[in-house]
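Chemist: Quick one: the structure is below, and I'll ask about it shortly.
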């Protein structure tokens, strides 16, 4: 079924990203992630922070011990200290290694679980969106959000945990060691902090815009590759290889240059920190040298201070980079939230009754549907499709035929009017029961990657092998399937690529037989087939339609001459109604189209 444009407003992904750039900041995103995802697993994150905090404390203790190493071992030459201090240092580093391992393993496990849950949540939410959503968001963009952006939640929580549990605790512990050894030297080091902060803030703002551009370009790359794989025969037939390669190359080049710029900015953070750290260390050495020469202060405190200062450089460097990393992750998280925050138009409304089908009579009453900000596609159409009978919709392309079928399955919502099945407004019944009572066969048969059997029982998993074989026989495909080495367990390939068009169409008809729904929708199911295959499929469709309320769309009028009722649509209106004989006799639009097709 070829869906028309939606009648619901969806903000495009690129527009949404531009809006988020001006209105969203890092803290609101972090706050939401911590409240929604961090809270669920706070005990595991607390455990990881505890492990990493112990490792940070071990690092600080190692720096503290340097005072005794110098004063007791190298100056006083205490033999007991020579035995105990190395053992203490070994024990500290052993404990530090164990706690780092436990902390990182804990983070990895909970992070991977969050990614899996987020991907499942996104997919469930996508399934509750209507057709307007999928017309607004390109498939490459959707794939990027599920496969790539979902990891941004894990990355953000891990970065926060590592910053708090490992880097911040380690840095604080080392600063305590420094202050305890010499207050004046500590003040000299702290004076450098504000200058470094101002410089880093400028760099992280640039990282934010580059990260957003990287995600957007990545979606373009995925879209181009997907189109190439799915349309490879068209690509080769029209010799589009060079064009698509150029298009992909341009997107990849933009992403490469953007990543290079972002890497250069991120890399510049480290030397910036080194410059400020070097200035601090130089000042400390000058001051300490003066104290040693003028006041004769024992060197142990100086070495402990310098050790703590040098050890503090790495966690300080990581903390300096974390804002840029959090901003990059926040960009991906916002793209996830943009989807999750959308309403779910196809979510079931509590209290609605299921559809109860008896005769299967379908009634459209003054139904109007329009494109977004454009003219009406359907203009007050009214008709009745009698239960158990065949109603054909004919007309030129764009007259509203496919839209009519889309509205009946509630892929879209009418702007006005009502659609009823056996007197029940389809908007007031459960969506599950509505679609359970409708089978649909399109000219564009979609097959899932899997086996023939898996495709046949899609939507009806309770069917037995006898049911499957009977449906395949009715669709005139059983003999072909039986001739295959793997029979019904034969893989169909991506999009059914291992089967011919006629074979895919027969599988679609067999799937409709298995569904055994009282209402059948046929959207030009034989229009693209050769005459022999079309004849065989017409026989299968006639058998499938028997006793069901059937609404069929056809361009070739010869295929619907036996319909109980034919509706002729022009510009969204029903201009003629009757049997084939009645419409031929009237000599109006239907008769002209029929005569024109006979000439060809």
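Numbering (our numbering), first residue to last: 2 to 601.
We treat Cβ as the ideally placed atom computed from N, Cα and C, and that holds for glycine.
Bear in mind the structure is a predicted one, so any value in this text is a computation, not a measurement.
Could you spell out where the alpha helix (DSSP H) holding residue 68 opens and where it closes?
Modeler: Its alpha helix (DSSP H) spans residues 43-69.
Chemist: Within the region 224-281, note down every full alpha helix (DSSP H) run reaching 4 residues or more, in order along the chain.
Modeler: Those alpha helix (DSSP H) runs which fall completely within the region 224-281 and span 4+ residues are 233-238.
Chemist: Taking the alpha-carbon of residue 406 as reference, which of 536, 153, 440 and 262 has the nearest alpha-carbon?
Modeler: The candidate whose alpha carbon is nearest that of residue 406 is 440.
Chemist: Suppose contacts are defined by Cβ-Cβ distances below 8 angstroms. Is residue 354 in contact with residue 430 by that definition?
Modeler: Yes.
Chemist: Go through its chain and collect everything with a Cβ distance to residue 25's Cβ below 7 angstroms, but skip five positions before and after it.
Modeler: In this prediction, residue 25 scores a pLDDT of 44, lower than 50, which makes its location untrustworthy; no coordinate-derived value is stated.
Chemist: If you pair each beta-carbon of the region 474-489 with each one of the region 401-420, do three or more pairs fall below 8 angstroms?
Modeler: The region 474-489 is not in contact with the region 401-420.
Chemist: Please classify residue 599: is it buried, with 16 or more other beta-carbons within 10 angstroms of its beta-carbon, or exposed?
Modeler: When all chains shown are included, residue 599 counts as exposed.
Chemist: If we require 4 or more residues per run, which alpha helix (DSSP H) segments fall completely within the region 472-506?
Modeler: The qualifying runs are 479-484.
Chemist: Do you know offhand how far residue 316's Cα is from residue 280's?
Modeler: C-alpha separation (whole angstroms): 18 angstroms.
Chemist: Going by the beta-carbon positions, is the gap between residue 505 and residue 476 smaller than 8 angstroms?
Modeler: Taking 8 angstroms as the Cβ cut-off, residue 505 and residue 476 do not qualify as a contacting pair.
Chemist: Between 433, 226, 291 and 501, which lies nearest to residue 351 when the distance is taken from Cα to Cα?
Modeler: Ranking the options by Cα distance to residue 351, first place goes to 433.
Chemist: Using the DSSP secondary-structure output, state which residues sit across from residue 371 in a beta bridge.
Modeler: Answer is 377.
Chemist: Cβ of residue 567 within 8 angstroms of Cβ of residue 395?
Modeler: Yes.
Chemist: Taking the DSSP output, what are the residues bridged to residue 577?
Modeler: Answer by DSSP bridge pairing, in chain order: 569.
Chemist: What's the C-alpha gap between residue 571 and residue 370?
Modeler: Each residue's Cα considered, the two are about 14 angstroms apart.
Chemist: Go ahead and pull the three-state DSSP assignment for residue 23.
Modeler: In this prediction, residue 23 has a pLDDT of 36, which is less than 50 and means its spatial position is unreliable; what the coordinates show is noted afterwards. It is helical.
Chemist: Tell me whether the beta-carbon of residue 86 lies closer than 8 angstroms to the beta-carbon of residue 70.
Modeler: In this structure, residue 70 lies closer than 8 angstroms to residue 86 by Cβ.
Chemist: Should the region 97-110 be called in touch with the region 43-59, which here means at least 3 C-beta pairs below 8 angstroms?
Modeler: Contact between the region 97-110 and the region 43-59 is present, because at least three Cβ pairs lie under 8 angstroms.
Chemist: Identify which residue in 41, 138 and 54 has its Cα closest to the Cα of residue 112.
Modeler: When only C-alpha atoms are compared, the closest one is 41.
Chemist: Below 8 angstroms, can you find three or more Cβ-Cβ pairs linking the region 307-326 to the region 130-145?
Modeler: No: the two stretches stay apart, fewer than three of their Cβ pairs being nearer than 8 angstroms.
Chemist: Starting from the Cα of residue 399, find the closest Cα among 155, 378, 218 and 391 and give me that residue.
Modeler: That would be 378, whose Cα lies nearest to the Cα of residue 399.
Chemist: For the alpha helix (DSSP H) that contains residue 123, what are its first and last residues?
Modeler: Taken as a continuous stretch (DSSP letters only), the alpha helix (DSSP H) holding residue 123 covers 80-128.
Chemist: Quick check on the burial criterion: 16 or more other C-beta atoms within 10 angstroms. Buried or exposed for residue 244?
Modeler: By the 10 Å Cβ count, residue 244 comes out exposed.
Chemist: Should residue 225 go down as buried or exposed, given a rule of 16 or more other Cβ atoms within 10 Å for buried?
Modeler: Per the 10 Å Cβ criterion, buried.
Chemist: Spell out the partners DSSP gives residue 554 in its beta bridges.
Modeler: Residue 554 is bridged to 394 and 524.
Chemist: So, are the CB atoms of residue 404 and residue 383 less than 8 angstroms apart?
Modeler: Their beta carbons are not under 8 angstroms apart, which means residue 404 does not touch residue 383 by this criterion.
Chemist: Please specify which runs of the alpha helix (DSSP H), each continuous and at least 4 residues long, are wholly inside the region 412-473, giving them in chain order.
Modeler: Complete alpha helix (DSSP H) runs here, min 4: 432-437 and 453-457.
Chemist: Cβ atoms of residue 526 and residue 444: under 8 angstroms apart, would you say?
Modeler: Against a cut-off of 8 angstroms, the Cβ pair of residue 526 and residue 444 comes out as a contact.
Chemist: Measuring straight from C-alpha to C-alpha, what distance separates residue 84 and residue 59?
Modeler: Distance between the alpha carbons of residue 84 and residue 59: 19 angstroms.
Chemist: Which two residues bound the contiguous alpha helix (DSSP H) that contains residue 301?
Modeler: Unbroken alpha helix (DSSP H) run through residue 301: 300-341.
Chemist: Which residue's Cα is closest to the Cα of residue 561: 550, 549 and 581?
Modeler: Measuring from the Cα of residue 561, the nearest candidate turns out to be 581.
Chemist: Which same chain residues end up closer than 8 angstroms to residue 177 when comparing Cβ atoms and leaving out the 5 residues on each side of it in sequence?
Modeler: Cβ within range, chain order: 61.
Chemist: Alpha carbon to alpha carbon, what distance is there between residue 551 and residue 362?
Modeler: Each residue's alpha carbon lies about 10 angstroms from the other.
Chemist: Roughly how far, in whole angstroms, is the beta-carbon of residue 285 from the beta-carbon of residue 180, given that I think they are within contact range, below 8 angstroms?
Modeler: About 13 angstroms separates the two Cβ atoms, so there is no contact after all.
Chemist: Can you have a look at residue 465 and say buried or exposed, based on whether 16 or more other CB atoms are within 10 angstroms of its CB?
Modeler: Residue 465 is exposed by the Cβ-count criterion.
Chemist: For the alpha helix (DSSP H) holding residue 36, just list the boundary residues, first then last.
Modeler: From DSSP, residue 36 is part of no alpha helix (DSSP H); its letter is neither H nor E.
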